[in-house]
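Novice: What follows is a single structure, and I will ask about it in a moment.
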Amino acid sequence: MAGATAAIYPLKLLAPVVSLSVVYLPAVLLVSAYWGLALGLGAALLSAAEFNFFHLPPVGRFTIADSRNWVALAAFTVVAVVAGTMAEVARSRALEAERGRAEADLAAALARELLAGAETRAALGATARRISEALGISSAAIVLGRGEGDERRLALPLRAGDGVQLATLIVPVGIKGPAAQRLREQVVPALSALVAIALRRDAMQAAAVETEALRRSDDVKTALLRAVSHDLRTPLTAIVAAGHALGTGSLTAEERTELSSAVVDEGERLAALVEKLLDLSKLQAGRAAPRRDWISIDDVLQAAREASAPAAASDVRMSVDPDVPELRADAAQLERAFANLLENARRYSGGQPVSLHVRRSGSRVIVRVVDRGPGIEPGERERIFEPFYRGPRSASAEPWAGSGLGLAIARGFIEANGGSITVESLPGQGSSFLVALPIEPEPVAAAATAPA
Ligand code: ADP
0 MAGATAAIYP
10 LKLLAPVVSL
20 SVVYLPAVLL
30 VSAYWGLALG
40 LGAALLSAAE
50 FNFFHLPPVG
60 RFTIADSRNW
70 VALAAFTVVA
80 VVAGTMAEVA
90 RSRALEAERG
100 RAEADLAAAL
110 ARELLAGAET
120 RAALGATARR
130 ISEALGISSA
140 AIVLGRGEGD
150 ERRLALPLRA
160 GDGVQLATLI
170 VPVGIKGPAA
180 QRLREQVVPA
190 LSALVAIALR
200 RDAMQAAAVE
210 TEALRRSDDV
220 KTALLRAVSH
230 DLRTPLTAIV
240 AAGHALGTGS
250 LTAEERTELS
260 SAVVDEGERL
270 AALVEKLLDL
280 SKLQAGRAAP
290 RRDWISIDDV
300 LQAAREASAP
310 AAASDVRMSV
320 DPDVPELRAD
330 AAQLERAFAN
340 LLENARRYSG
350 GQPVSLHVRR
360 SGSRVIVRVV
370 DRGPGIEPGE
380 RERIFEPFYR
390 GPRSASAEPW
400 AGSGLGLAIA
410 RGFIEANGGS
420 ITVESLPGQG
430 SSFLVALPIE
440 PEPVAAAATA
450 PA
């Protein structure tokens with residue numbers, strides 16, 4: 000304004016003084032735009048006073064001689080006040096927009112933090128950090144449920160639409176000014192809504208997982224019923240029919256032998272299936288705790304080779320590296336697992352030889368059961384371990400059509416003994432089931448070398 004007063008001196012030589020009050024307007028506009036209406040109005044009045052004092056005759060006094068100058072001064076004052084007010088309106092609109100943008104940015108950032116992750120609980124830390132950064136406060140924390148404040152920490156409840164407290168925002172006490180207002184008016188409502196959405200999402204995800212688990216266990220039960228009704232009934236029907244036929248008198252010795260071997264075969268098939276069902280139910284009920292003895296894997300595999308389906312013709316070639324140590328495991332369970340693997344390998348390899356390799360790899364013993372059968376498609380390699388899952392080829396592999404239980408039992412027993420089983424396969428060329436069993440340090444050997 001002093002600048003404007005000074006600038007008017009030279010301008011007076013070019014224009015009538017009454018028209019020069021406009022020189023003050025930029026100053027009034029600037030003050031209003033930067034510092035608000037009160038100072039803007041002050042600037043308008045001060046400008047009018049300066050103009051009157053320094054430039055309107057009589058100069059050096061606040062009186063005015065000519066009434067036309069009164070009009071000029073009044074007009075200037077009105078224009079300056081209106082201009083100042085408008086500048087203030089523009090200023091507050093800009094501030095409002097800026098605040099709105101910050102609000103939207105914060106809400107978006109909070110939504111990103113809370114909803115981007117898989118689980119709400121894990122996202123709370125990062126969300127709280129965003130809030131403390133946005134408000135410029137030293138710390139903030141969010142806890143699910145009801146959190147407690149104390150003399151240094153203020154607990155702000157975050158409620159769902161129905162008023163139930165879902166979580167608590169904890170901030171330091173003594174937040175003042177705009178931060179306190181933003182906290183109350185923006186952060187708490189936005190955060191409450193977002194936490195409610197995030198928790199609802201968690202619940203829906205959990206429900207989906209549960210439904211899937213129920214569906215799967217339902218599938219298992221349906222499959223069990225189907226397996227039991229079909230697989231148990233087929234051999235039973237054959238046995239009953241053979242029994243009836245044996246009872247009729249007029250049979251040749253050859254017919255008699257054929258019928259009695261049918262009874263034995265079907266009976267064995269039935270016994271094997273019942274055994275598998277029992278194994279599976281033990282595993283599923285968690286009653287398959289292994290008896291841990293020191294065992295030779297060589298012996299276990301020999302026994303499994305003998306136990307695996309005699310109806311399958313393939314020859315089994317076995318090689319065991321000399322450095323394979325004894326294992327601490329349940330021999331009966333492992334025998335069952337390997338018998339199932341060998342049975343499959345022999346059944347699916349269509350007469351081609353099956354091989355068994357045993358070697359040591361670090362702290363594990365690796366057993367590979369390799370066949371040259373049809374192999375297993377990539378999409379099936381996990382599913383084949385599910386109980387009652389039968390691949391597309393199982394049905395055609397008569398006469399020993401599978402039950403879909405063999406691999407589930409094998410995996411169950413192997414894992415119960417601390418091992419793991421996976422399959423590698425080149426479809427069309429064969430499959431290789433890979434079993435890894437842990438080696439335990441041998442206490443017997445340690446005792447033998449210890450001084451007596
Ligand atoms: P199954 O009694 O039907 O053989 P399993 O649980 O032992 O039941 O095997 C599940 C499915 O895995 C089989 O139906 C078959 O499709 C597939 N499978 C298992 N072993 C082999 C193998 N050695 N070669 C090809 N497919 C196999």
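With numbering that gives the first Met the number 0 applied, the sequence shown corresponds to residues 0 to 451, in that order. Glycine is no exception: its CB is placed at the ideal position from the N, C-alpha and C atoms.
How long is the line joining the alpha carbons of residue 446 and residue 407, rounded to whole angstroms?
Specialist: Position 447 of the sequence shown, counting from 1, holds the residue named residue 446. Position 408 of the sequence shown, counting from 1, holds the residue named residue 407. Since pLDDT at residue 446 reaches only 46, below the 50 mark, its modelled position is unreliable, and the value read off the structure follows with that caveat. Residue 446 and residue 407: Cα-Cα distance of roughly 38 Å.
Novice: With contact counted as at least three CB pairs below 8 Å, one residue from each stretch, are the segment 423-442 and the segment 317-328 in contact?
Specialist: A contact exists between the segment 423-442 and the segment 317-328.
Novice: Can you tell me the Cα-Cα spacing of residue 275 and residue 384, whole angstroms?
Specialist: Here residue 275 corresponds to residue number 276 of the sequence shown, with the count starting at 1. Here residue 384 corresponds to residue number 385 of the sequence shown, with the count starting at 1. For residue 275 and residue 384, the distance between alpha carbons rounds to 14 Å.
Novice: If you drop the 5 nearest sequence neighbours on each side, which residues of the same chain put their C-beta closer than 8 Å to that of residue 137?
Specialist: Stepping through the sequence shown from its first residue, residue 137 is reached at position 138. Contacts found: 131, 171.
Novice: For the ligand ADP, is there a heavy atom less than 7 Å away from the beta-carbon of residue 437?
Specialist: The count along the sequence shown starts at 1 and reaches residue 437 at position 438. No, the beta carbon of residue 437 sits no closer than 7 Å to any heavy atom of the ligand ADP.
Novice: Return the residue from the list 95, 355, 158 that minimises the CA-CA distance to residue 299.
Specialist: Locating residue 299 in the sequence shown gives position 300, where the first residue counts as 1. When each option's Cα is compared against that of residue 299, the closest is 355.
Novice: Going by other Cβ atoms of all chains shown within 10 Å of its Cβ, with 16 needed for buried, is residue 14 buried or exposed?
Specialist: In the sequence shown, the residue the question calls residue 14 occupies position 15. Per the 10 Å Cβ criterion, exposed.
Novice: State buried or exposed for residue 221, treating a residue as buried only when at least 16 other CB atoms are found within 10 Å of its CB.
Specialist: For the purposes of this step, residue 221 is taken as residue 222 along the sequence shown, with counting starting at 1. With fewer than 16 Cβ atoms within 10 Å of its Cβ, residue 221 is classed as exposed.
Novice: Apart from the five residues on each side of it in sequence, which residues of its chain come closer than 6 Å, Cβ to Cβ, to residue 338?
Specialist: Here residue 338 refers to the residue found at position 339 when the sequence shown is read from its first residue. Within the same chain, residue 338 has close Cβ partners 303, 306, 307.
Novice: With 16 other CB atoms within 10 Å as the buried threshold, where does residue 253 fall?
Specialist: To locate residue 253, count along the sequence shown from 1; it is residue 254. Result: exposed.
Novice: Entirely within the segment 321-387 and at least 4 residues each: give me those alpha helix (DSSP H) ranges in chain order.
Specialist: Runs found: 330-347.
Novice: In the DSSP assignment, the beta strand (DSSP E) including residue 15 goes from what residue to what residue?
Specialist: Here residue 15 is taken as the residue at index 16 of the sequence shown, counted from 1. Unbroken run through residue 15: none, as it is neither H nor E.
Novice: Any heavy atom of the ligand ADP inside 7 Å of the beta-carbon of residue 343?
Specialist: Locating residue 343 in the sequence shown gives position 344, counting from the first residue. For the ligand ADP, at least one heavy atom lies less than 7 Å from the Cβ of residue 343.
Novice: Find out if the Cβ-Cβ distance for the pair residue 426, residue 365 is shorter than 8 Å.
Specialist: Walking along the sequence shown from the start, residue 426 turns up at place 427. Walking along the sequence shown from the start, residue 365 turns up at place 366. Not in contact: residue 426 and residue 365 (Cβ atoms no closer than 8 Å).
Novice: On the premise that residue 47 lies in contact with residue 30, defined as a C-beta separation below 8 Å, what is that separation, rounded to the nearest angstrom?
Specialist: Within the sequence shown, numbered from 1, the residue matching residue 30 stands at position 31. Within the sequence shown, numbered from 1, the residue matching residue 47 stands at position 48. Not confirmed; about 14 Å, so no contact.
Novice: Assuming the contact rule is C-beta atoms closer than 8 Å, residue 165 and residue 212 should be a hit. Round their C-beta distance to whole Å, please.
Specialist: What you label residue 165 is simply residue 166 of the sequence shown in a count that begins at 1. What you label residue 212 is simply residue 213 of the sequence shown in a count that begins at 1. No, residue 165 and residue 212 are not in contact; Cβ-Cβ is about 26 Å, not under 8 Å.
Novice: Where DSSP assigns a beta bridge to residue 167, which residues make up the other side?
Specialist: The residue you call residue 167 lines up with position 168 of the sequence shown. Answer is 142, 156.
Novice: For residue 421, which of helix, strand or coil comes out of DSSP?
Specialist: For this step, residue 421 is matched to residue 422 along the sequence shown. In the structure shown, residue 421 sits in a strand (DSSP, three-state: E or B).
Novice: Can you give me the Cβ contacts of residue 396 inside the same chain, cut-off strictly under 7 Å, excluding the 5 residues immediately before and after it?
Specialist: For this step, residue 396 is matched to residue 397 along the sequence shown. Note on residue 396: pLDDT 45, under 50, position unreliable in the model; no value is reported.
Novice: Starting from residue 434, trace the alpha helix (DSSP H) both ways and give me its first and last residue.
Specialist: By one-based count along the sequence shown, residue 434 stands at place 435. Residue 434 -> not in any alpha helix (DSSP H); beta strand (DSSP E) instead, spanning 429-437.
Novice: Does the beta-carbon of residue 54 have 16 or more other beta-carbons within 10 angstroms, so that it is buried, or is it exposed?
Specialist: Within the sequence shown, residue 54 is the residue found at index 55, counting from 1. Buried is the call here.
Novice: Give me the DSSP bridge partner(s) of residue 304.
Specialist: Here residue 304 refers to the residue found at position 305 of the sequence shown. Answer is none; residue 304 lacks a bridge partner.
Novice: Compute every distance between the C-beta of residue 375 and the non-hydrogen atoms of the ligand ADP, then say whether any falls below 7 Å.
Specialist: Stepping through the sequence shown from its first residue, residue 375 is reached at position 376. Checking every heavy atom of the ligand ADP against the Cβ of residue 375, one is found closer than 7 Å.
Novice: Could you pull out every residue in the same chain whose Cβ sits closer than 8 Å to the Cβ of residue 60, ignoring the five residues on either side in sequence?
Specialist: Working through the sequence shown from its first residue, we reach residue 60 at position 61. Answer for residue 60: 52, listed in chain order.
Novice: Identify the continuous beta strand (DSSP E) that holds residue 130 and give its terminal residues.
Specialist: Position 131 of the sequence shown, counted from the start, is the residue given in the question as residue 130. Looking at the DSSP string, residue 130 is not in any beta strand (DSSP E); the run it does join, the alpha helix (DSSP H), is 119-134.
Novice: Run through DSSP, which three-state label would residue 395 get?
Specialist: Translated into positions along the sequence shown, residue 395 becomes position 396. Confidence at residue 395 is low in this model, with a pLDDT of 45, below 50, so its placement is unreliable and no value can be given for it.
Novice: Closer than 7 Å to a non-hydrogen atom of the ligand ADP - does that hold for the CB of residue 425?
Specialist: Start at 1 with the first residue of the sequence shown, and residue 425 comes out as number 426. Not under cutoff, so the answer is no.
Novice: DSSP state of residue 319, grouped into three classes?
Specialist: Indexing the sequence shown from 1 puts residue 319 at position 320. Of the three classes helix, strand and coil, the one that applies to residue 319 here is strand, per DSSP.
Novice: Between the beta-carbon of residue 320 and the beta-carbon of residue 357, is there less than 8 Å?
Specialist: Working through the sequence shown from its first residue, we reach residue 320 at position 321. Working through the sequence shown from its first residue, we reach residue 357 at position 358. Against a cut-off of 8 Å, the Cβ pair of residue 357 and residue 320 comes out as a contact.
Novice: Put residue 292 into one of helix, strand or coil per three-state DSSP.
Specialist: One-based indexing of the sequence shown puts residue 292 at position 293. In this structure, residue 292 counts as strand in the three-state DSSP scheme.
Novice: Taking the alpha helix (DSSP H) that residue 389 falls in, what are its first and last residues?
Specialist: Against the sequence shown, residue 389 aligns to sequence position 390. No alpha helix (DSSP H) contains residue 389, which DSSP labels as neither H nor E.
Novice: Consult DSSP for residue 412 and reduce its assignment to one of helix, strand or coil.
Specialist: Translated into positions along the sequence shown, residue 412 becomes position 413. Three-state result, residue 412: helix.
Novice: When the distance is taken between beta carbons, is residue 380 closer than 8 Å to residue 428?
Specialist: As a working note, residue 428 is residue 429 in the sequence shown. As a working note, residue 380 is residue 381 in the sequence shown. For residue 428 and residue 380, no; Cβs fall outside 8 Å.
Novice: By alpha-carbon positions, which one of 373, 405, 377 ends up nearest to residue 388?
Specialist: In the sequence shown, counting from the first residue as 1, residue 388 sits at position 389. Residue 388 has its Cα closest to that of 405, out of 373, 405, 377.
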